[in-house]
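Undergrad:
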Amino acid sequence: MVQRWPALFTESQIYLEFNRIVGRNLKEEFFGVVDGLCPNLMEIFKRKAGQIGQHLAELLLQTKSTEPTATRCLVLRGLPVILRDDASMFFKSSSNLNNGESLDIPVGILCYEDNRATSPASPQLNPSRVGIILEDSLAMDALTNLPQAMCLLFGFIYALHLEYPKCRKNTFIFIQQVMLNLDRSELPPKVQKLKNDLAV
Numbered sequence: 000m001v002q003r004w005p006a007l008f009t010e011s012q013i014y015l016e017f018n019r020i021v022g023r024n025l026k027e028e029f030f031g032v033v034d035g036l037c038p039n040l041m042e043i044f045k046r047k048a049g050q051i052g053q054h055l056a057e058l059l060l061q062t063k064s065t066e067p068t069a070t071r072c073l074v075l076r077g078l079p080v081i082l083r084d085d086a087s088m089f090f091k092s093s094s095n096l097n098n099g100e101s102l103d104i105p106v107g108i109l110c111y112e113d114n115r116a117t118s119p120a121s122p123q124l125n126p127s128r129v130g131i132i133l134e135d136s137l138a139m140d141a142l143t144n145l146p147q148a149m150c151l152l153f154g155f156i157y158a159l160h161l162e163y164p165k166c167r168k169n170t171f172i173f174i175q176q177v178m179l180n181l182d183r184s185e186l187p188p189k190v191q192k193l194k195n196d197l198a199v
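Start counting the sequence shown at 0; every next residue gets the next number (numbering that gives the first Met the number 0).
Here is the structure:
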């Protein structure tokens, strides 16, 4: 994919291409909406019970700061949990990646782990370095935080007209239709429920 569209694989070009297609500033809108939703989503996370509530409580415990990047990480890691998406086929953890190595994930995020990472399916809340995976290969590397990677990955998917990964479909539909108000259609039940909960 990098060979087919080499000019697209920079942060600035992704934002420019999104603006060309949609006529909107992806970076500004994405982070503005995430920041606006953070307080309500954190309250919803705290109220959840059962296994989902336990998982969300673990994420809340990992959030040691109210700094914007930390709360964005919490919300973006918690959204898939509450929407019942599957992390195991989206996040890939690695301490060392060889050039050309297949990652066995069609679309996802690579988290460069340290000793605090618990498992490949449960990487650190905000790894110090992340990358974007497309077509089982590393398409973008050395990003500084998870929110940046999620924003750029959404831009990639939208600009290249890719299908959302099944394991994260609810999350990306939430980002597209609820957060960014793009191409609205009937929402899946779990996404509609979360939207209703946020409106209360």
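Yeah, the Cβ is synthetic: ideal placement off N, Cα and C, and Gly gets one too.
Computed from a prediction, not measured in an experiment: that's the story for all the values here.
1) Can you say whether Val190 is buried or exposed, counting buried as having 16 or more other CB atoms within 10 angstroms of its CB?
2) Pick from Ala48, Lys47, Ile81, Val106: whose alpha carbon is nearest that of Asn169?
3) Is the CB-CB distance between Phe89 and Arg19 below 8 angstroms?
4) In terms of alpha-carbon separation, which member of Gly31, Ser92, Gly130, Gln53 lies closest to Thr9?
5) Between Lys26 and Met149, what straight-line distance do the alpha-carbon atoms span, to the nearest angstrom?
6) My understanding is that Glu112 touches Ser93, with C-beta atoms under 8 angstroms, so please give their C-beta distance in whole angstroms.
7) Output the boundary residues of the beta strand (DSSP E) element that contains Leu110.
8) Just the C-alpha distance for Ile172 and Phe29, rounded to the nearest angstrom, thanks.
9) At the level of alpha carbons, what is the spacing between Pro164 and Thr65?
10) When DSSP builds the beta bridges, which residues end up paired with Leu137?
11) Within the chosen definition, does the segment 149–160 reach the segment 52–59 through at least 3 CB pairs nearer than 8 angstroms?
12) Checking 8 angstroms against the spacing of the C-beta atoms, do Leu145 and Cys37 come in under that value?
13) My output table needs one value for Phe90: the three-state DSSP class, helix, strand or coil.
14) Residues bridged to Leu142 by DSSP?
15) What residue does the alpha helix (DSSP H) around Gly52 start on, and which one ends it?
16) Within the same chain, show all residues whose beta-carbon is closer than 6 angstroms to that of Leu40, passing over the 5 residues directly before and after it, in chain order.
17) Classify Val199: buried if its beta carbon has 16 or more other beta carbons within 10 angstroms, exposed otherwise.
18) Taking all protein chains shown into account, decide if Gln175 is buried (16 or more other Cβ within 10 angstroms of its Cβ) or exposed.
19) Can you tell me whether Arg76 is buried or exposed, with buried defined as 16 or more other CB within 10 angstroms of its CB?
20) For Ile70 versus Asn125, is the C-beta spacing smaller than 8 angstroms?
TA: Let's see:
1) buried
2) Ile81
3) no
4) Ranked by Cα distance from Thr9, the options Gly31, Ser92, Gly130, Gln53 are led by Gly130.
5) 11 angstroms
6) Taking the Cβ atoms as the reference, Glu112 lies roughly 7 angstroms from Ser93, within the contact range of under 8 angstroms.
7) Here residue 110 turns out to be Cys, not Leu, going by the sequence shown. Cys110 -> beta strand (DSSP E) spans 106–111.
8) In this structure, the alpha-carbon of Ile172 lies about 13 angstroms from that of Phe29.
9) Going by the C-alpha atoms only, they are around 30 angstroms apart.
10) Ile132
11) no
12) For Leu145 and Cys37, no; Cβs fall outside 8 angstroms.
13) strand
14) Val129
15) 49–61
16) Same-chain partners within the cutoff: Val74.
17) exposed
18) buried
19) buried
20) Here residue 70 turns out to be Thr, not Ile, going by the sequence shown. No, the pair does not count as a contact, with Cβ atoms beyond the cut-off.
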